[in-house]
Amino acid sequence: MRLLRRYPLFALLLTAPSLQAEWFQREEPIMGTSVAVELWSDEKAHAEKLIDAVMTEMRRIEAGMSPYIATSELSQLNAHAAERAMPVSKELFEVIDRSVFFSKVSGGAFDVTFASVGHRYDYRQKKKPDDGEIKKLLPLVDYRHLLLDRDGRTIRYETPGVVVDLGGIAKGYAVDRGVAILAGAGVKHAIVTAGGDSRILGDRRGRLWMVGIKHPRGEGSVIRLPVENMAVSTSGDYERYFEANGTRYHHIINPATGKSATGVRSVTILGEDATTTDAMSTTVFVMGVEKGLALVNRLGNLSAVIISDDEKVYYSNDLEGGDE
Ligand code: AMP
Ligand code: MG
Numbered sequence: 180m181r182l183l184r185r186y187p188l189f190a191l192l193l194t195a196p197s198l199q200a201e202w203f204q205r206e207e208p209i210m211g212t213s214v215a216v217e218l219w220s221d222e223k224a225h226a227e228k229l230i231d232a233v234m235t236e237m238r239r240i241e242a243g244m245s246p247y248i249a250t251s252e253l254s255q256l257n258a259h260a261a262e263r264a265m266p267v268s269k270e271l272f273e274v275i276d277r278s279v280f281f282s283k284v285s286g287g288a289f290d291v292t293f294a295s296v297g298h299r300y301d302y303r304q305k306k307k308p309d310d311g312e313i314k315k316l317l318p319l320v321d322y323r324h325l326l327l328d329r330d331g332r333t334i335r336y337e338t339p340g341v342v343v344d345l346g347g348i349a350k351g352y353a354v355d356r357g358v359a360i361l362a363g364a365g366v367k368h369a370i371v372t373a374g375g376d377s378r379i380l381g382d383r384r385g386r387l388w389m390v391g392i393k394h395p396r397g398e399g400s401v402i403r404l405p406v407e408n409m410a411v412s413t414s415g416d417y418e419r420y421f422e423a424n425g426t427r428y429h430h431i432i433n434p435a436t437g438k439s440a441t442g443v444r445s446v447t448i449l450g451e452d453a454t455t456t457d458a459m460s461t462t463v464f465v466m467g468v469e470k471g472l473a474l475v476n477r478l479g480n481l482s483a484v485i486i487s488d489d490e491k492v493y494y495s496n497d498l499e500g501g502d503e
């Protein structure tokens, strides 16, 4: 009643068209994960067309950047870049260039050449390389083997045997592309998610979006963060793993050891774009609590929530309301 008294009738009429609008959503399996789009629209056909466009874009990126699809541009690069400088698309160049940026700022914790060893793990088959194999292949894990020529837009691998996998950054990039499509079409409220990477456009119509951080060993969320206009990525040791002799072999590889990173169970990064939050969640996972938080605090424009091995929760300075 109070609402009615405070708002004159013409104001109610002005907002009337949006009363017919609603949320539209869809989820599809793409890039080895679940891709979801939810958006606010006042027309079903238009909403469905936009969701189609986002899904098509995600499939296009997968077709170009998957190292498991033999025809992908990345597979071609992996197959031939040690023989000669390969011309690459602007898009692939930018994603690899951005990857190298995160390698540099993290002292090599993020390294897309992790795959030179990482591809010897098979989490479904519960297979891992033995120590001898790791020792032999580990010198191939080094982003400095990637020779990027920005002017010629070519990439060459310095050494045969180097393998690049963009699994730590490409989903975030795809999410950013999806959001760009929606924003370009005038959508004001939406969320695009690919596995652990999401980007939110606008608010949830006057409210904030609630993003949950999972309990790394249990069911449901332990932490809920209210956000708007933001990207959020979580990397966890529970996403892809197997256990053998009491050790958890999971999909985030420490490039210094060729083995699964230890010390942390999940890392959530909040930031402006999903390419950054995706890469940084993987990066901070490898760096661990102390060094990881120091990097987040230093880079700025980013927030972090880290759940450590002993299930303690650590926050970056800005979330802590903290020291800086
Ligand atoms: P995310 O779930 O975003 O943390 O990404 C994990 C994925 O990143 C893995 O499945 C690998 O494809 C890739 N990855 C694993 N270790 C690294 C690393 N040290 N640097 C870059 N990418 C990595
Ligand atoms: Mg990530």
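Basically the numbering used here = 1-based index in the sequence shown + 179.
Each residue gets a CB set at the ideal place from its N, CA and C atoms; glycine is no exception.
If we ignore side chains and look at the alpha-carbon of each, how far apart do M226 and A483 end up? Position 47 of the sequence shown, counted from the first residue, corresponds to residue 226. Position 304 of the sequence shown, counted from the first residue, corresponds to residue 483. Residue 226 is actually Ala in this sequence, not Met. Roughly 33 Å separates the two Cα atoms.
Own chain residues within Cβ distance below 6 Å of Q164, not counting five before or after: Beyond the ends of the chain as shown, which are 180 and 503, falls residue 164; an answer cannot be given.
Since S400 and G391 should fall inside the 8 Å C-beta cutoff, what is the C-beta to C-beta distance between them, to a whole number of angstroms? As a first step, residue 400 must be located in the sequence shown, where it is residue number 221. As a first step, residue 391 must be located in the sequence shown, where it is residue number 212. Right, the Cβ-Cβ distance comes to about 3 Å (below 8 Å), so this counts as a contact.
Does the contact criterion of 3 or more C-beta pairs under 8 Å hold for the region 466-479 versus the region 364-379? no
Does the beta-carbon of M265, which I'm using as the reference point, lie nearer than 8 Å to any heavy atom of ligand 2? As a first step, residue 265 is located in the sequence shown; it is residue number 86 there, counting from the start. Not under cutoff, so the answer is no.
Could you name the residues of the same chain whose beta carbon sits closer than 6 Å to that of K305, not counting the 5 residues immediately before and after it, in chain order? Taking the sequence shown and counting its residues from 1, one reaches residue 305 at position 126. Result list for K305: F421, in chain order.
Could you work out which residue in G346, A362, K307, S268 is closest to N424 when comparing CA atoms only? To locate residue 424, count along the sequence shown from 1; it is residue 245. Comparing Cα-Cα distances from N424 to each of G346, A362, K307, S268, the minimum goes to K307.
What does the shell around ligand 2 hold, if a residue joins when its beta-carbon is under 6 Å from any heavy atom? Qualifying residues, in the order they occur: G347, S412, S414, D457, S460, T461.
Taking only three categories from DSSP, how would you classify K491? Here residue 491 corresponds to residue number 312 of the sequence shown, with the count starting at 1. Coil at K491, not helix or strand.
I need the DSSP call for G415, collapsed to helix, strand or coil. Residue numbering aside, residue 415 sits at position 236 when the sequence shown is read from its first letter. Strand, per DSSP.
Beta carbon of Y322 nearer than 9 Å to that of V291: Translated into positions along the sequence shown, residue 322 becomes position 143. Translated into positions along the sequence shown, residue 291 becomes position 112. A contact, by the Cβ cut-off of 9 Å.
Return the first residue and the last residue of the alpha helix (DSSP H) that Q204 is part of. Reading the sequence shown from its first residue, position 25 is the one you call residue 204. That residue, Q204, is in no alpha helix (DSSP H); its beta strand (DSSP E) goes 201-209.
Return the Cβ separation of L327 and V296 in integer angstroms, given the expectation that the two are a contact with Cβ distance under 8 Å. Residue 327 sits at position 148 when you count from the first residue of the sequence shown. Residue 296 sits at position 117 when you count from the first residue of the sequence shown. Contact doesn't hold; Cβ gap of about 22 Å is too wide.
Does the region 260-269 come close enough to the region 402-412 that 3 or more CB-CB pairs lie under 8 Å? no
Which residues bound the alpha helix (DSSP H) around S278? As a working mapping, residue 278 is identified with position 99 in the sequence shown. 269-284 is the span of the alpha helix (DSSP H), which, as asked, contains S278.
Through-space distance from G471 to D489, alpha-carbon basis: Walking along the sequence shown from the start, residue 489 turns up at place 310. Walking along the sequence shown from the start, residue 471 turns up at place 292. Near 17 Å, if we compare the C-alpha coordinates of G471 and D489.
Cα-Cα separation, R303 to V284: Against the sequence shown, residue 303 aligns to sequence position 124. Against the sequence shown, residue 284 aligns to sequence position 105. Computed Cα separation, rounded: 32 Å.
How do the region 457-468 and the region 329-343 stand: do at least 3 beta-carbon pairs fall below 8 Å, yes or no? no
Report, in whole angstroms, the separation of the C-beta atoms of T456 and I448, which I expect to be a contact under 8 Å. Mapped onto the sequence shown, residue 456 falls at position 277. Mapped onto the sequence shown, residue 448 falls at position 269. Confirmed, Cβ separation roughly 4 Å.
Using three-state DSSP, classify A458 as helix, strand or coil. The count along the sequence shown starts at 1 and reaches residue 458 at position 279. Helix at A458.
What residues in its chain sit with their C-beta under 7 Å from that of P339, if we drop five residues either side in the sequence? Counting from 1 along the sequence shown, the entry for residue 339 is found at position 160. Once the five neighbours on either side are set aside, the close Cβ partners of P339 are A261.
Using 10 angstroms around the beta-carbon of P434, count the other beta-carbons present and answer buried if the total reaches 16, otherwise exposed. Here residue 434 refers to the residue found at position 255 of the sequence shown. Label assigned to P434: buried.
Let me confirm a value: T250 is counted as buried when at least 16 other C-beta atoms fall within 10 Å, else exposed. Which label applies? Taking the sequence shown and counting its residues from 1, the one referred to as residue 250 is at position 71. Under this definition T250 is an exposed residue.
Proximity to N257 [Cα-Cα], best of A440, H324, A224: Sequence index remark: in the sequence shown, residue 257 carries index 78 (1-based). Closest by alpha carbon: H324.
Between which two residues does the beta strand (DSSP E) containing A423 stretch? Sequence index remark: in the sequence shown, residue 423 carries index 244 (1-based). That run of the beta strand (DSSP E) goes 420-423.
Ranges of the beta strand (DSSP E) found wholly within the region 291-319, counting only runs of at least 3: Counting whole runs of 3 or more residues, the region 291-319 contains no beta strand (DSSP E) stretch at all.
Can you check which of these residues, E407, A410, R444, T436, is closest to E418 by C-alpha distance? Working through the sequence shown from its first residue, we reach residue 418 at position 239. Residue R444 is the option with its Cα nearest to E418.
Nearer than 8 Å: is that true of the beta carbon of V291 relative to any heavy atom of ligand 1? On the sequence shown, residue 291 is found 112 positions in, with the first residue counted as 1. Result yes, Cβ under 8 Å from ligand 1.
Please classify A458: is it buried, with 16 or more other beta-carbons within 10 angstroms of its beta-carbon, or exposed? As a position in the sequence shown, residue 458 is number 279, starting the count at 1. When all chains shown are included, A458 counts as buried.
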